[in-house]
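Participant: Per my numbering, the very first residue in the sequence shown carries number 1; after that it's consecutive.
Heads up, the beta-carbon is just placed ideally off N, CA and C, and yes, glycines get one too.
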Amino acid sequence: MSQRILVTGGAGFLGSHLIDRLIAEGNEILCVDNLFTGSRRNVAHLLDHPRFEFLRHDVSFPLYVEVDQIYNLACPASPIHYQRDPVQTTKTSVIGAINMLGLAKRLRIKVLQASTSEVYGDPAVHPQPEEYWGNVNPIGPRSCYDEGKRAAETLFFDYRRQMDLGIKVIRIFNTYGPRMHPNDGRVVSNFIVQALRGEPLTIYGDGSQTRSFCYVDDLIDGMVRLMQTPHDVTGPINVGNPGEYTMLELAEEVLRIVGGRSTIEYRPLPTDDPKQRQPDIDKAKSVLGWEPRVALADGLERTVEYFRETLGATS
Ligand code: NAD
Ligand code: UDP
Ligand code: UDP
């Protein structure tokens, strides 16, 4: 049945893909975004769609609208963006969560929170199951994001316990794909853009740190499945691709796909950069019947294709 769905952060990378999926399924979408890191370009193809509406609004202020479901994705996600105005990052996560929970409570509707693998910090348990409480520095440069997202999870579970609100918490692991911001500093977009421009690929540290990369379509599928679960399913549920790669391996894979003459250049490792990260996805498999389908090489090829077109590169 068609629903009126609020997507906060809908003009961002993940939000715009989520909206495409929800529109294709026949729903009516209210996209709320303050365009801090998102862009009208990401939803330009929808602006004339009869079931799409865009509202420029900051979720750290109250929002009174009438909808049937909420996906709360509003928050800058890449370190250079969330560290630009760290106080605002915490406000977006914490006050934004309070406002979306207040809205969901008034309307008696379900609300999904886009949480993150960053709640595990620099993990001492590997791979990370949902039961692991994490290893997060509360006062470092990443804390505005990590602790903001942790506090948002706390709020979601307290609204659940106090008000029996329908909550869904998804812990998203590194996700990549078309519409990533070319300058947002994340490793996949950096490497692809650098390779396409024939510039050196910048590896932070010695490149032995690991991440697990999920293609955006797989991630969105897991997110929509979680929203569709019954009231008793709250999460948190990890959604990500368990394939684990060092940054050096990722650089080599990007160079193989793009070709060209780029070299590798080593830069200092940022403070509190997690050494390893890999999701334990047993819950996503058993509760959501979900697992990733797109292999890294295929997803990277599609992403390279997108950046080739948008950068107008010829290499
Ligand atoms: P993104 O930066 O592309 O999108 C975030 C969107 O939120 C942007 O459009 C931005 O303008 C908007 N926004 C920021 N602050 C806002 C505010 N105060 N009010 C309204 N809108 C605001 O990032 P993304 O990768 O699409 O991430 C979306 C969500 O998923 C975020 O909550 C992020 O924490 C989470 N997440 C993403 C990843 C990933 O790998 N991409 C991993 C873990 C979690
Ligand atoms: N809120 C909102 N839209 C609504 C209902 C509430 O933005 O439709 C905000 C409201 O401003 C409040 C927050 O959500 O600050 C939490 O609401 P709740 O009802 O849980 O708390 P209270 O208003 O009692 O502090
Ligand atoms: N990284 C890198 N070169 C870059 C950008 C990032 O080596 O140009 C590293 C970064 O230090 C981290 C990993 O790649 O170890 C993933 O970084 P990203 O910012 O994409 O995600 P996060 O650290 O939030 O998982």
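Determine the contact status of Glu-66 and Ser-115, defining contact as a CB-CB distance below 9 angstroms.
Facilitator: Their beta carbons are not under 9 angstroms apart, which means Glu-66 does not touch Ser-115 by this criterion.
Participant: Between Gly-148 and Val-233, is the Cβ-Cβ spacing less than 9 angstroms?
Facilitator: No; because the gap between Cβ atoms is not below 9 angstroms, this pair is not in contact.
Participant: Got a sec? Which residues, its chain only, sit under 6 angstroms from Phe-52 by beta carbon, not counting five neighbours each side?
Facilitator: Once the five neighbours on either side are set aside, the close Cβ partners of Phe-52 are Ile-29 and Leu-46.
Participant: Classify Ser-315 as helix, strand or coil using the three-state DSSP reduction.
Facilitator: Below a pLDDT of 50, predicted positions are generally treated as unreliable, and Ser-315, at 43, falls in that range; the measurement from the model is reported next regardless. If DSSP states are grouped into helix, strand and coil, Ser-315 belongs with coil.
Participant: For Thr-314 and Ser-189, what's the separation of their Cα atoms in angstroms?
Facilitator: Summary for Thr-314: the model assigns pLDDT 44, below 50, so the residue's position carries little reliability; its value from the coordinates is reported in the next sentence. Rounded to whole angstroms, Thr-314 to Ser-189 spans 17 angstroms at the Cα level.
Participant: Between which two residues does the beta strand (DSSP E) holding Lys-110 run?
Facilitator: Counting along the chain, the beta strand (DSSP E) containing Lys-110 begins and ends at 110-116.
Participant: Inspect the beta-carbon positions of Ala-77 and Asn-34 and report whether they are closer than 9 angstroms.
Facilitator: No, the Cβ-Cβ distance between Ala-77 and Asn-34 is not below 9 angstroms.
Participant: Just checking Phe-156 against ligand 3 - is the residue's beta carbon closer than 8 angstroms to any of the ligand's heavy atoms?
Facilitator: Not so, every heavy atom of ligand 3 lies at least 8 angstroms from the Cβ.
Participant: Report yes or no: do three or more beta-carbon pairs, one from the region 107-126 and one from the region 166-181, lie closer than 8 angstroms?
Facilitator: The region 107-126 is in contact with the region 166-181.
Participant: Report the rounded CA-to-CA distance for Tyr-132 versus Asp-273, giving the unit in angstroms.
Facilitator: So the two alpha carbons sit approximately 19 angstroms from each other.
Participant: How far does the alpha helix (DSSP H) with Leu-250 in it extend, from its first residue to its last?
Facilitator: Counting along the chain, the alpha helix (DSSP H) containing Leu-250 begins and ends at 247-258.
Participant: Here's the rule: buried if 16 or more other CB atoms are within 10 angstroms of the residue's CB, otherwise exposed. What is Arg-186?
Facilitator: Buried, since its Cβ has 16 or more Cβ neighbours within 10 Å.
Participant: Please work out which residues of its chain come closer than 7 angstroms, Cβ to Cβ, to Ser-262, disregarding the five sequence neighbours upstream and downstream, and give them in chain order.
Facilitator: Cβ within range, chain order: Gln-194, Ala-195, Gly-198, Glu-199, Pro-200, Leu-201 and Leu-255.
Participant: Excluding the 5 residues flanking Gln-276 on each side, which residues of the same chain have their C-beta closer than 6 angstroms to its C-beta?
Facilitator: Excluding residues within five positions, the ones whose Cβ falls inside 6 angstroms are His-126 and Thr-210.
Participant: Quick one: Cα of Thr-229 to Cα of Pro-268, how far?
Facilitator: Taking the straight line joining both Cα atoms gives about 43 angstroms.
Participant: Can the beta-carbon of His-17 be found less than 9 angstroms from the beta-carbon of Gly-235?
Facilitator: It is not a contact, given that the beta carbons lie outside the stated cut-off.
Participant: Is Asp-273 close to ligand 1? I mean its beta-carbon at under 8 angstroms from any heavy atom of the ligand.
Facilitator: No, Cβ of Asp-273 sits at least 8 angstroms from all heavy atoms of ligand 1.
Participant: Measure from the alpha carbon of Trp-290 to the alpha carbon of each residue in Thr-303, Arg-302 and Met-227, then state which is nearest.
Facilitator: Selected option, being the one with the closest Cα: Met-227.
Participant: Regarding Asn-34 and ligand 1, is the C-beta to nearest heavy atom distance less than 8 angstroms?
Facilitator: True, at least one ligand heavy atom lies under 8 angstroms from that Cβ.
Participant: Return the first residue and the last residue of the alpha helix (DSSP H) that Asn-316 is part of.
Facilitator: Nothing about residue 316 can be read from this structure; the chain reaches only from 1 to 315.
Participant: Please classify Pro-127: does DSSP put it in a helix, a strand, or coil?
Facilitator: Coil.
Participant: How should Phe-13 be labelled, buried or exposed, when 16 other C-beta atoms within 10 angstroms of its C-beta is the threshold for buried?
Facilitator: Buried is the call here.
Participant: Would you mind working out which of Gln-128, Pro-141, Ser-212 and Tyr-120 sits nearest Asn-135, comparing C-alpha positions?
Facilitator: Nearest option by C-alpha distance: Tyr-120.
Participant: Considering Cα atoms alone, identify which of Phe-61, Gly-240 and Glu-253 is closest to Thr-92.
Facilitator: It is Phe-61.
Participant: Out of Leu-103, Gly-26, Gln-69 and Leu-63, which one is the CA nearest neighbour of Ser-2?
Facilitator: The shortest Cα separation from Ser-2 among Leu-103, Gly-26, Gln-69 and Leu-63 belongs to Gly-26.
Participant: What is the DSSP secondary structure of Asp-33, reduced to helix, strand or coil?
Facilitator: Note: Asp-33 maps to strand in three-state DSSP.
Participant: What runs of the beta strand (DSSP E), each 3 residues or longer, lie entirely inside the region 134-186?
Facilitator: Segments of the beta strand (DSSP E) lying fully in the region 134-186: 167-172.
Participant: Around the C-beta of Ile-139, are 16 or more other C-beta atoms found within 10 angstroms, so that it is buried, or is it exposed?
Facilitator: Exposed, since its Cβ has fewer than 16 Cβ neighbours within 10 Å.
Participant: Name the residue from Pro-50, Asp-282 and Leu-296 whose alpha carbon lies nearest to the alpha carbon of Glu-249.
Facilitator: Of the candidates Pro-50, Asp-282 and Leu-296, the one whose C-alpha sits nearest the C-alpha of Glu-249 is Leu-296.
Participant: Along the beta strand (DSSP E) that carries Thr-210, what are the first and last residues, could you check?
Facilitator: Its beta strand (DSSP E) spans residues 210-212.
Participant: Could you give the C-beta distance for Leu-101 and Leu-155, rounded to a whole number, given that I count them as a contact under 8 angstroms?
Facilitator: About 6 angstroms; that satisfies the 8 angstroms criterion.
Participant: By how many angstroms is the C-alpha of Gln-278 removed from the C-alpha of Leu-288?
Facilitator: For Leu-288 and Gln-278, the distance between alpha carbons rounds to 19 angstroms.
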